[in-house]
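One structure below.
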Amino acid sequence: MLKIDDLGMNGEGIAHAESGKAIFLPFYLPGEELEDGKIIKVSNFRVKPKCSYFMRCGGCSLEHLNYKSALEYKQNKVKLSFKKFKLEPKVLPCVPSEKEYFYRNKLTLKCDGEKIGLYEFNSHNLVEIAACKIASEEINKIIRILKEINLKNILEIILQSYKNNVLVTFKLKDNNFKNTILFEEKIKKIALNYGIFAYFNNNLIFKAGQEYFLKEEFNIKYYFTNNSFYQVNDEVKNKIYEKILSFISPADVVVDAYSGSGLLSAIIARKAKSVTGIEIVKSATKNANVLKKLNNLKILKNINGDTKKELFSLNFNTIILDPPRAGVDKKVIETLLNKQPSKIIYVSCNPITLARDISLLKEVYNIKFLQPYDMFPETHHVETLAVLELKTAIK
Ligand SMILES: C[S@@+](CC[C@H](N)C(=O)[O-])C[C@H]1O[C@@H](n2cnc3c(N)ncnc32)[C@H](O)[C@@H]1O
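Position 83, counted from 1, in the sequence shown is what the numbering used here calls 83; the numbers after and before it change by one each time, with no gaps.
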C-alpha cells in the first residue's frame, strides 16, 4: 500500500517507499492511498476535473484539487522555495483569480500535420483537443474552426485574445500560405475581430484582418500585437500592477527591467519622478515607444537592450525586475549590490529562482512584502510579488 503524504513542486503526489525513497505520483493528493495501482482512499480535497483531457494533456496539473487547497499549496510552494535557500520570510496568502477557468488570453497549440492539441506531460506526444477549459471563450471559438482546415504544413498555432479581438499566428513548415488565406473565410463567419499572421523561416508576415488592436487599461492606451510578451491572466496581472503602484512614490527614479511591451512602465510613469524601461526584444521596445507616444509620457524612456549590460550605466533609486523563469543574471545582482537602490520590486513566475536571487541580496536587503498570486489556476504554476528594502547604504 502506498500513502501519498505530500504534493511536490510540480503538483504531483509524493509517497515514500519503506526504504524512504520518494515516489512521484502525478494526479494523486496527500491523504490518498493506493493498492495495486488502484485508489483505495480518496482525499476530501479531491474535486471532479472539468476538462475531459485532464491527466492526458500536459497543460493543467491541479484540476483535481479544490481551489482553496490549490491556493494554500501555492502559498506553501513559495515558502518551501525560500526554505531551500535557508530563508523563512512571511509569505502572505495566495491572491485568487476571479476566473478559475477560461482565463488565458494566449494559447499555443501544437500541430503534427493532422491534429492540433497540446503535449502530454514531459513528452512530445500530441493530445488532440477540441477545446481548452483554461483558455478564453474567444480562443475556444477559434479552436473549433481550426478543425475545419487542412493542417498539413502547420507546426504551431498561437492564439491570443482580448475581449472580442483575436490574433492567430500560424507557424509553417514551408511558404505555402493557402491555408492561412482559407482560414480567413472561416473566421469571417464567427463574430470576432481578427488578425491573421504566418510565420515561416524567421519571418512574421501579416496576412489578413487587423495587424493590432487598441487596448486600454489603467487609463493607458496601447496596441495589442503578436510580437511582445503579455501576462496571460489580465485580471490577476492588474491586481499585481495595482499592488506595485502602491509601493511607488513621486520621488522614485525607477528602472523597469524586463519591461515587455511597456504597460507597467507607463502606469508607473504616471506616479514616479521618471521611468526607464529595459527590454531585450526589439519589437516589444518598439511597441513600448508607440505606447509612450500614444499616452504622451515624457518622463518615460525605453531602452532596447540586455538588463545585465544596460543597468550598469543607469542611476535609479527603485527597480522593478520581472525576468523570465530563469531569474536574473548574476551580473544584475552584482550591479544591484553595488548601486544599492532603496527599493527592489521583483515579479516572478518561478519561486525557486526568485528565492535564489533574493538570497543573494539578503545581506543588504530586507523582505518587506512577499505574496503569491494565482495567475495560472488549475496548474501548479504561481506568480509571486516581492518587495525588498535596503537595510543601510553601506558599501
Ligand atoms: C516575464 S516578461 C515581463 C514583461 C513585463 N514586465 C510585463 O509585465 O508584461 C519578461 C520580459 O523580459 C524580456 N527579457 C528577457 N531577457 C531579458 C534581458 N536579459 N534583458 C531585458 N529584457 C529581457 C522578455 O523579452 C520579456 O518581455
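Beta carbons: idealized from backbone N, C-alpha and C, even for Gly.
- Query: From LYS188 to ILE139, what distance separates their C-alpha atoms?
  - Reply: 15 Å
- Message: Please report the straight-line C-alpha distance between GLY59 and CYS132, rounded to a whole angstrom.
- Response: 9 Å
- Item | Test item: CB-CB of PHE435 and VAL387 under 8 Å | For residue 435 there is no data in the structure shown, the boundaries of the chain being 1 and 395.
- Query: Candidates TYR103, PRO96, PRO93: which alpha carbon is nearest VAL232's?
  - Reply: TYR103
- Query: So does ILE220 have its beta carbon nearer than 7 Å to some heavy atom of ligand 1?
  - Reply: no
- Could you please give the first and the last residue of the uninterrupted alpha helix (DSSP H) stretch that includes ASP174? Here ASP174 belongs to no alpha helix (DSSP H), and DSSP marks it neither H nor E.
- Message: Is LYS308 near ligand 1 - that is, is its Cβ less than 7 Å away from at least one heavy atom of it?
- Response: yes
- Outcome for GLY20 when other beta-carbon atoms lying within 10 angstroms are tallied against a minimum of 16: exposed
- Ordered along the chain, which non-local residues of its own chain (more than five positions away) have a Cβ less than 6 Å from that of LYS152? GLY113
- Message: So, at 6 Å on beta carbons, what are the nonlocal neighbours of ASP329 in its own chain, with the 5 sequence-adjacent residues on each side left out?
- Response: LYS308
- With DSSP collapsed to three states, give me the class of ASP322. coil
- Message: For SER283, which residues in the same chain have their Cβ closer than 8 Å to its Cβ, ignoring the five residues on either side in sequence?
- Response: THR225, ASN227, SER228
- Item | Nearest neighbour of SER161, chosen from ALA198, HIS16, THR108 [CA to CA] | THR108
- Within the same chain, show all residues whose beta-carbon is closer than 6 Å to that of PHE200, passing over the 5 residues directly before and after it, in chain order. LEU172, ASN175
- Task: Would you identify the three-state DSSP class for SER61, choosing helix, strand or coil?
- Result: coil
- Message: DSSP three-state label for LEU214, please.
- Response: strand
- Message: By the three-class DSSP mapping on this structure, what secondary structure does PHE247 have?
- Response: coil
- Query: So what's LYS3 in DSSP terms, helix, strand or just coil?
  - Reply: strand
- Task: For SER261, I'd like the list of residues in its chain whose CB is within less than 6 Å of its CB, leaving aside the five on either flank, ordered along the chain.
- Result: SER228, ALA284, ASN287, ALA288
- Message: Which residue wins for smallest C-alpha separation from LEU146, given the options ILE205, HIS124, ASN179, SER123?
- Response: ASN179
- With DSSP collapsed to three states, give me the class of SER313. helix
- Query: Which residue from MET375, LYS298, LYS83 puts its Cα closest to that of ILE134?
  - Reply: MET375
- Task: Under 8 Å Cβ to Cβ from ARG46, same chain only, skipping five residues before and after it: list those, please.
- Result: LEU29, GLU32, HIS64, LEU65, ASN66
- Query: If you run the structure through DSSP and keep just helix, strand and coil, what is ALA17?
  - Reply: coil
- Message: Within the continuous beta strand (DSSP E) that includes LEU204, where are the two ends?
- Response: 203 to 209
- How would you label ASN408, buried or exposed, when you count the other beta carbons within 10 angstroms and need 16 or more for buried? A question about residue 408 goes unanswered here, because the residues of the chain that appear run from 1 up to 395.
- Message: Mapping the DSSP letters down to three states, classify ASP256 as helix, strand or coil.
- Response: strand
- Message: Quick check: ILE220 and GLY209, are their CB atoms within less than 8 Å of each other?
- Response: no
- Query: If we ignore side chains and look at the alpha-carbon of each, how far apart do GLU156 and PHE170 end up?
  - Reply: 6 Å
- Task: Using a threshold of 8 Å, state whether the C-beta atoms of CYS437 and TYR373 are closer than that.
- Result: The structure shown has nothing for residue 437, since the chain only spans 1 to 395.
- From LEU385, PRO377, LEU25, residue whose alpha carbon lies closest to that of LYS50: PRO377
- Message: I want to check one thing, is the minimum distance from the CB of TYR258 to the heavy atoms of ligand 1 below 7 Å?
- Response: yes
- Query: Exposed or buried, LEU167, counting other C-beta atoms within 10 Å across all chains shown (16 or more means buried)?
  - Reply: buried
- Message: Would THR384 and VAL78 qualify as a contact pair, given that the criterion is a beta-carbon distance under 8 Å?
- Response: yes
- Message: In chain order, what are the residue ranges of uninterrupted alpha helix (DSSP H) at least 4 long that sit wholly in the segment 141 to 175?
- Response: none
- 7 Å CB neighbourhood of ASN238 in its chain, flanking five on each side removed: GLU217
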